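Presented below is the structure to which this report refers.
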């Protein structure tokens, strides 16, 4: 009995590996985006608290040196960090979109090869069924030829 052999099996294995790599790269970028979003949220919370503290400080003006320049510098620094993180996040999100496209393309390539493999398997099975039927017909024909025609069964 013949064994099924798919000539593009190594190509299929490579395509599957490329899909796995693309999935891993995409997952890593998504984790990075999530971490940036969390860090950005923390910075925005800190900025909101500093603004609230600044507003509260204006209401309760105390004699002595004003903390306004210090808080303003702190808020300015937070604003710069937020701007930098927003730019990084935008770049990461662009990269996530690109990696999704790469994954989609590699998945399509894998699906094409897999579709060819399924067709080859189907053709192989049909051929095996046809060969078995030919064998059965030959065996049945040989039996018929072995039984004498003139002899009656009584």
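Residue numbers (our numbering): 389 to 542.
C-beta: ideal position from N, C-alpha, C; glycine also.
Treat the numbers as computed from the prediction; the structure is a model and nothing was measured.
| Item | Value |
| --- | --- |
| The alpha helix (DSSP H) enclosing residue 500, as first and last residue numbers | 456-534 |
| Check: residue 421 C-beta below 8 Å from any heavy atom of the ligand COA | Only the bare structure without any ligand can be found here, which leaves the ligand COA out of the picture. |
| Length of the line joining the Cα atoms of residue 408 and residue 499 | 13 Å |
| Of the residues 486, 391, 469 and 504, the one placed nearest residue 433, counting alpha carbons only | 469 |
| Through-space distance from residue 530 to residue 503, alpha-carbon basis | 41 Å |
| Residue 466 vs residue 438 beta-carbon contact at 9 Å | yes |
| Selected residue, minimal CA-CA separation from residue 411, among 495, 515 and 397 | 495 |
| Segment contact flag, the region 419-429 with the region 468-487, C-beta cutoff 8 Å, min 3 pairs | yes |
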